[in-house]
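Working notes, beginning with the structure itself.
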Amino acid sequence: MQPEQEAKPQFLTVDQVGERYGTSKASIWRWRKKVKHFPAPLKVGPNCTRWRISDLEKYEQDLHDISRTAFPSPYDEGLSERVEMT
Numbered sequence: 000m001q002p003e004q005e006a007k008p009q010f011l012t013v014d015q016v017g018e019r020y021g022t023s024k025a026s027i028w029r030w031r032k033k034v035k036h037f038p039a040p041l042k043v044g045p046n047c048t049r050w051r052i053s054d055l056e057k058y059e060q061d062l063h064d065i066s067r068t069a070f071p072s073p074y075d076e077g078l079s080e081r082v083e084m085t
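Last residue of the sequence shown: 85 (numbering that gives the first Met the number 0), numbering continuous.
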């Protein structure tokens with residue numbers, strides 16, 4: 000028999016999303032309208048909106064991937080030979 004594991008939440012409220020990103024819930028709603036790839040929340044009931052943690056994690060990974068492509072580190076493989084290190 001396996002020991003019981005504490006279930007992790009799979010959804011976050013707008014307040015929790017704000018805490019995750021260190022911003023207000025007003026900013027989260029603004030991001031939803033204006034930031035192209037910010038995840039859409041789920042309407043789970045009247046006056047009850049939640050974000051999937053998996054959607055937020057994918058968004059964060061996409062941001063990381065984009066930033067690595069747009070601003071590669073001189074320590075990335077092969078790039079250090081082309082960058083003069085002083």
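The C-beta atom is built at its ideal place from N, Cα and C for all residues, glycine as well.
The structure displayed is predicted, hence computed values, not measured ones.
Could you tell me the distance, in whole angstroms, from the CA atom of F10 to the CA atom of G21?
Those two C-alpha atoms are separated by around 17 Å.
So which of L62, S23, G17 and T68 has the shortest CA-CA distance to K87?
Outside the modelled stretch of the chain, which goes from 0 to 85, sits residue 87, for which no answer is possible.
Going by the CB atoms, is the gap between L55 and V16 shorter than 8 Å?
The answer is yes: Cβ separation under 8 Å.
On the DSSP bridge assignment, give the partners of F10 in chain order.
DSSP, once it has assigned bridges, lists R51 as partnering F10.
Opening and closing residue of the beta strand (DSSP E) in which E42 lies:
Before going on, a small fix: residue 42 reads as Lys here, not Glu. Boundaries of the beta strand (DSSP E) harbouring K42: L41 to G44, taken from the DSSP string.
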